[in-house]
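What follows is a set of notes on a single structure, which appears directly below.
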Amino acid sequence: MSPLHFELRPSLLKLGLSVAMFVIFSILLSNYLTGFSMAIAMLLLLPFMYFMRDKNQVLAFAQLDRDIWTIEFKDNTRLEVDLLNIHNFGACALFHFKDTQHNKSYNICVTKDQFDLSDWQKLQTLTKLF
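According to this note's numbering, the sequence shown is numbered sequentially starting from 1.
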């Protein structure tokens, strides 16, 4: 196991953000729509939230070499990818990976509640060094 190995837990922050967005859209729509049209709008919002969910659910990622990382997905597939960039936003970090074999990019947003405190501190140090 590499020293930079991060196991991800399910994020309550991401779930809370999705629910908050649904509530905000509901409140905004309720100001403009009434009755039956409001019910139709809510029924259209639910599939939209389903399709906007995190499809590439990442279980873990680890550094193999300087810029080469491996990503493990929920369906037990592993990819070797190049780390292009890291953006730190305080409570979350965004990793930009590129799979050169399949010419595909992966953007992975991780939040503080997905890590132990020591792993989050390692991740914060990594973002400052990168």
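By construction, the Cβ of each residue, glycine as well, lies at the ideal position given by its N, Cα and C atoms.
Measuring alpha carbon to alpha carbon, tell me which of S26, L59 and F130 ends up nearest N76.
Per the Cα distances, L59.
Would you identify the three-state DSSP class for F130, choosing helix, strand or coil?
It is coil, neither helix nor strand.
Please go through the same chain and pick out, in chain order, the residues whose beta-carbon is closer than 6 angstroms to the beta-carbon of W120, but skip the five residues on each side of it.
So the qualifying residues of the chain are K112.
Could you tell me the alpha carbon to alpha carbon distance between F132 and D65, rounded to whole angstroms?
Outside the displayed range of the chain (1 to 130) lies residue 132, so it cannot be described from this structure.
Nearest by alpha-carbon distance to H102: which of L4, L8 and E80 is it?
It is E80.
Who are the near neighbours of M42 in its chain, counting only those whose CB is closer than 8 angstroms to its CB and skipping five residues on each side?
So the qualifying residues of the chain are S26 and L29.
Between which residues of its own chain and F73 is the CB-CB distance below 8 angstroms, once the five residues before and five after are set aside?
If we look at F73 and ignore the five residues flanking it on each side, its Cβ neighbours are N56, Q57, V58, L59 and L79.
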